[in-house]
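In my numbering, the protein residues as written are 93 to 328.
Where is the CB? At the ideal position from N, CA and C, for every residue including glycine.
Bear in mind that the values here come from a model prediction, so they are computed numbers and not experimental data.
Report on the following structure.
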Amino acid sequence: MFVKVCGITHEDDALLAVALGADALGFVFAPSRRQVRPDQAAEIVRRLPHGVVTVGVFSDERPERIVEIVNRLGLTGAQLHGREPLSEVRWVRKRVSFVIQGFAAGDPAVTAAANGPADVVLIDSPHPGSGRVFDWSLAEGAPGGARLLLAGGLNPENVGEAIRRVRPWGVDVSSGVEAAPGRKDPRKLRRFLEEAKATGEELAAKMTATVASRSPFPNRRADRPYDWAEDEALDA
């Protein structure tokens, strides 16, 4: 089970999350109580072990700015958490290593995005970072389930049930493991990671979704590769 810890603002929280088994860290550049400046994120990223997936989180930012920050800071990829059209997602994806596209639960646009240029589709609460849990039935059986990242009010107490219900490719946590906005609680973080990883192992034999790669972030589903030639035609 892939686990992304988002809302990282301090180096010690980042290093602890990685030591406890987090696969990815998220740095929020969009307006938020967990917002960090690019220079702050750069200092943290420099001190991380090699191979940690690092994600810049943006909301309705200019595509050129997204690409500039991701590449200048040496981040692994970008998370687009606004109302970005698929044309902008496509443009960004051609210029960075991978893209997560975020949606509020129940957004009908998820269907189109599941077969679009984003590598991962994230389903969140309508109020990201609020700690509110949404109705998980809105994410069950979502298109592109092999690359579904589940967020929205997850914490050590409910992440196991969420994984069993939705069976996502991964989970994303922020406020559910905090002591205060932007600061992680070591005990909550440890419990969350232990529960998520254990539940993922428990369900591994039952998972029916095809995962094309065991890399830190998945390649597109092998049975439905993304047509970049079609993209070129759309851009023409």
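**Request:** Grab me the residues of Arg185's own chain with a C-beta within less than 6 Å of its C-beta, minus the 5 sequence neighbours each way, in chain order.
**Result:** Counted from its first residue, the sequence shown places residue 185 at position 93. Scanning its chain for C-beta atoms nearer than 6 Å, with the 5 sequence neighbours on each side dropped, one finds around Arg185 the residues Val191 and Pro209, in chain order.
**Asked** Are the stretch 152 to 166 and the stretch 117 to 132 in contact at 8 Å, needing three or more beta carbon pairs?
**Response** By the C-beta criterion, the stretch 152 to 166 is judged to be in contact with the stretch 117 to 132, since at least 3 inter-stretch pairs fall below 8 Å.
**Prompt:** Is it true that the CB of Glu103 sits closer than 9 Å to the CB of Arg139?
**Reply:** Here residue 139 corresponds to residue number 47 of the sequence shown, with the count starting at 1. Here residue 103 corresponds to residue number 11 of the sequence shown, with the count starting at 1. For the pair Arg139 and Glu103, the CB atoms are nearer than the 9 Å cut-off.
**Prompt:** Thinking just about the alpha-carbon of each residue, which of Arg125, Gly174, Thr146 and Gly166 is nearest to the one in Arg154?
**Reply:** Along the sequence shown, one-based indexing puts residue 154 at 62. Cα-wise, what sits closest to Arg154 is Gly174.
**Request:** Mind reading off the beta-carbon distance from Ala231 to Ile215? Whole number of angstroms is fine, and I expect it under 8 Å.
**Result:** By one-based count along the sequence shown, residue 231 stands at place 139. By one-based count along the sequence shown, residue 215 stands at place 123. That pair is a contact at about 5 Å.
**Prompt:** Over what stretch of residues does the beta strand (DSSP E) that includes Thr146 continue unbroken?
**Reply:** Translated into the one-based positions of the sequence shown, residue 146 becomes position 54. Per DSSP, Thr146 belongs to the beta strand (DSSP E) from Val145 to Phe150.
**Prompt:** To which residues of the same chain is Ile255 closer than 6 Å at the C-beta, ignoring the five residues directly before and after it?
**Reply:** One-based indexing of the sequence shown puts residue 255 at position 163. Counting only Cβ-Cβ distances below 6 Å, and skipping sequence neighbours, we find Thr291.
**Request:** Kindly list the residues whose CB is nearer than 6 Å to the CB of Pro260, restricted to its own chain and excluding five residues on each side of it in sequence; keep chain order.
**Result:** Walking along the sequence shown from the start, residue 260 turns up at place 168. Counting only Cβ-Cβ distances below 6 Å, and skipping sequence neighbours, we find Leu240 and Leu242.
**Message:** I need the straight-line Cα distance from Arg257 to Val251, nearest angstrom please.
**Reply:** For the purposes of this step, residue 257 is taken as the residue at position 165 of the sequence shown. For the purposes of this step, residue 251 is taken as the residue at position 159 of the sequence shown. Cα to Cα, the separation comes out at about 10 Å.
**Asked** In chain order, which alpha helix (DSSP H) runs of at least 4 residues are fully inside the stretch 149 to 213?
**Response** Listed in chain order, they are 155 to 165, 178 to 185 and 202 to 205.
**Asked** Taking just the CA atoms, how far does Ala106 sit from Ala134?
**Response** One-based indexing of the sequence shown puts residue 134 at position 42. One-based indexing of the sequence shown puts residue 106 at position 14. Each residue's alpha carbon lies about 12 Å from the other.
**Request:** Taking all protein chains shown into account, decide if Arg182 is buried (16 or more other Cβ within 10 angstroms of its Cβ) or exposed.
**Result:** Counting from one through the sequence shown, the residue named residue 182 turns up at place 90. Arg182 should be labelled buried.
**Item:** Own chain residues within Cβ distance below 8 Å of Lys289, not counting five before or after
**Value:** Looking up residue 289 in the sequence shown gives position 197. Hits under 8 Å: Met93, Val95 and Gly113.
**Asked** Does the beta-carbon distance from Gly268 to Pro248 come in below 9 Å?
**Response** In the sequence shown, the residue the question calls residue 268 occupies position 176. In the sequence shown, the residue the question calls residue 248 occupies position 156. Taking 9 Å as the cut-off, the beta carbon of Gly268 is found closer than this to the beta carbon of Pro248.
**Prompt:** Taking all protein chains shown into account, do 16 or more other C-beta atoms lie within 10 angstroms of the C-beta of Gly143, making it buried, or fewer, making it exposed?
**Reply:** Taking the first residue of the sequence shown as position 1, residue 143 is located at position 51. A residue is called buried when at least 16 other Cβ atoms come within 10 angstroms of its Cβ; Gly143 does not meet this threshold and is exposed.
**Rounded separation between Gly198 and Ala206 - CA only** = Position 106 of the sequence shown, counted from the start, is the residue given in the question as residue 198. Position 114 of the sequence shown, counted from the start, is the residue given in the question as residue 206. If you take the alpha carbons of Gly198 and Ala206, they lie about 14 Å apart.
**Request:** Count the other CB atoms, across all protein chains shown, that sit within 10 Å of the CB of Asp152; report buried if there are 16 or more and exposed otherwise.
**Result:** Stepping through the sequence shown from its first residue, residue 152 is reached at position 60. Exposed: under 16 other Cβ atoms inside 10 Å.
**Request:** Note down the Cα distance separating Asp277 from Arg187, rounded to an integer number of angstroms.
**Result:** Numbered from 1 along the sequence shown, position 185 holds the residue referred to as residue 277. Numbered from 1 along the sequence shown, position 95 holds the residue referred to as residue 187. Answer to the nearest angstrom: the Cα atoms are 35 Å apart.
**Message:** In the DSSP output, what is Phe121 paired with across the bridge?
**Reply:** As a first step, residue 121 must be located in the sequence shown, where it is residue number 29. According to DSSP, which records beta bridges pairwise, Phe121 is partnered with nothing at all.
**Request:** Select from Leu281, Ala272 and Ser217 the residue whose C-alpha is nearest the C-alpha of Val97.
**Result:** Along the sequence shown, one-based indexing puts residue 97 at 5. Comparing Cα-Cα distances from Val97 to each of Leu281, Ala272 and Ser217, the minimum goes to Leu281.
**Item:** Closest Cα partner of Gly166 within the set Leu178, Arg279, Val147 and Glu156
**Value:** Here residue 166 is taken as the residue at index 74 of the sequence shown, counted from 1. Residue Val147 holds the alpha-carbon nearest to the alpha-carbon of Gly166 among Leu178, Arg279, Val147 and Glu156.
**Message:** Looking at the strands, I want to know which residues DSSP matches up with Gln127.
**Reply:** As a position in the sequence shown, residue 127 is number 35, starting the count at 1. According to DSSP, which records beta bridges pairwise, Gln127 is partnered with Val120.
**Request:** Take Ala170 as the anchor and find which of Asp211, Ile136, Ser179 and Ala196 has the nearest alpha-carbon.
**Result:** Taking the first residue of the sequence shown as position 1, residue 170 is located at position 78. Measuring from the Cα of Ala170, the nearest candidate turns out to be Asp211.
**Item:** Within 9 Å, strictly: CB atoms of Ala196 and Ser229
**Value:** Taking the first residue of the sequence shown as 1, we reach residue 196 at position 104. Taking the first residue of the sequence shown as 1, we reach residue 229 at position 137. No, these two residues do not count as a Cβ contact at 9 Å.
**Prompt:** How about Ala122 and Phe150: do their beta carbons lie closer than 9 Å?
**Reply:** For this step, residue 122 is matched to residue 30 along the sequence shown. For this step, residue 150 is matched to residue 58 along the sequence shown. Cβ distance < 9 Å, so Ala122 and Phe150 count as in contact.
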